[in-house]
Amino acid sequence: MEIHVNKENEVPLPQQISQQIIFLIGTGKLAIGDPLPSVRALARRLRVHFNTVSHAYADLEREGWLAHRRGGRLVVQPVRVPRNRPKALEDLDDLIDRTIRLARARGHSLQQLRERVRDRLLLEPADHLLVVAPERELGEVMVEEIRQAGGPTLPECPITELQRNLGMAIGARLLTPAYLVDDLERILPNPGQSRRLRTHRQMIT
């Protein structure tokens, strides 16, 4: 495990150690289940006080990167997946976990990751319809009209709710009254989203 510390650096030594371990995990140089050196062994190697390494390990354990195993050894923490979870979800959880770890290892915050993933997903082709109306009552009426015209039963939300949570537009083709199209185009974060707008009448005629 290649770790180096710089005692002249303004970054505290425990943080230097923990950041490098996260980087090694994120890049696959430390795999899930790999044991870490003991506190005293790593402290001797880095020529730092054992408390420095102990603090770094404690932070990583608290954040879920490391876990104690039989014999007291710290190992890289495996992904925790609930029992009886479908294999497809296990694979997706593993992919998400790797993405988070790699992003953090490269210095990106979770907030940056959330925003970039949301913006990127909003560019993907739609895979379902979402009814957007000025208020929930009108949305329910639109959903019922579409159902009676032989269409599917669709989810719906008021435009104010969509404005508060743009993540609801991910993967959705937005279905709205014609007079609300301009308002939706102002809310949507990129011009490409406008291609996902259809009006209520287009759907039921």
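Using our numbering, read the sequence shown as starting at 106 and increasing by one per residue. Even glycine gets a Cβ: it sits at the ideal position worked out from N, Cα and C.
Option in the options with minimal Cα separation from residue i
{"i": "R156", "options": "L118, D139, Q125 and V180", "result": "The amino acid at residue 156 is misidentified as Arg; the sequence shows Asn. It is L118 whose Cα lies nearest to the Cα of N156."}
{"i": "T281", "options": "R221, V237 and L200", "result": "V237"}
{"i": "N270", "options": "E113, L129 and R219", "result": "R219"}
{"i": "R178", "options": "V222, L141, G256 and Q121", "result": "L141"}
{"i": "V153", "options": "K112, R174, L165 and R167", "result": "K112"}
{"i": "G176", "options": "S143, L228, V222 and R211", "result": "S143"}
{"i": "A283", "options": "T265, R211 and M247", "result": "M247"}
{"i": "L228", "options": "E107, I127, L293 and E250", "result": "L293"}
{"i": "D202", "options": "L289, I127 and L279", "result": "I127"}
{"i": "R150", "options": "K134, I122, A172 and A163", "result": "I122"}
{"i": "R209", "options": "E107, I108, L129 and E290", "result": "L129"}
{"i": "R383", "options": "Y162, L165 and G138", "result": "Any property of residue 383 remains undetermined from this structure, which presents the chain solely from 106 to 310."}
{"i": "R252", "options": "I264, E240, D164 and L234", "result": "L234"}
{"i": "A231", "options": "R278, G169, S159 and Q124", "result": "R278"}
{"i": "L267", "options": "R241, Q125 and R167", "result": "R241"}
{"i": "G276", "options": "P257, T265, D224 and D287", "result": "D224"}
{"i": "G272", "options": "A161, R291 and V222", "result": "V222"}
With 16 other Cβ atoms within 10 Å as the buried cut-off, status of residue i
{"i": "L226", "result": "exposed"}
{"i": "E261", "result": "buried"}
{"i": "R206", "result": "buried"}
{"i": "G255", "result": "exposed"}
{"i": "Q216", "result": "exposed"}
{"i": "Q120", "result": "exposed"}
{"i": "A136", "result": "exposed"}
{"i": "Q182", "result": "buried"}
{"i": "L289", "result": "buried"}
{"i": "V116", "result": "exposed"}
{"i": "A148", "result": "buried"}
{"i": "A146", "result": "exposed"}
Under the three-state DSSP convention, the category residue i falls into
{"i": "H160", "result": "helix"}
{"i": "P263", "result": "strand"}
{"i": "A274", "result": "helix"}
{"i": "V144", "result": "helix"}
{"i": "A172", "result": "strand"}
{"i": "L118", "result": "helix"}
{"i": "V180", "result": "strand"}
{"i": "L293", "result": "coil"}
{"i": "L280", "result": "strand"}
{"i": "E107", "result": "coil"}
{"i": "R269", "result": "helix"}
{"i": "L285", "result": "helix"}
{"i": "I126", "result": "helix"}
{"i": "R150", "result": "helix"}
{"i": "G131", "result": "helix"}
{"i": "E166", "result": "helix"}
Quick one: which unbroken alpha helix (DSSP H) runs of 4-plus residues sit fully inside the stretch 186–257? Chain order, please. The qualifying runs are 192–210, 215–227 and 241–253.
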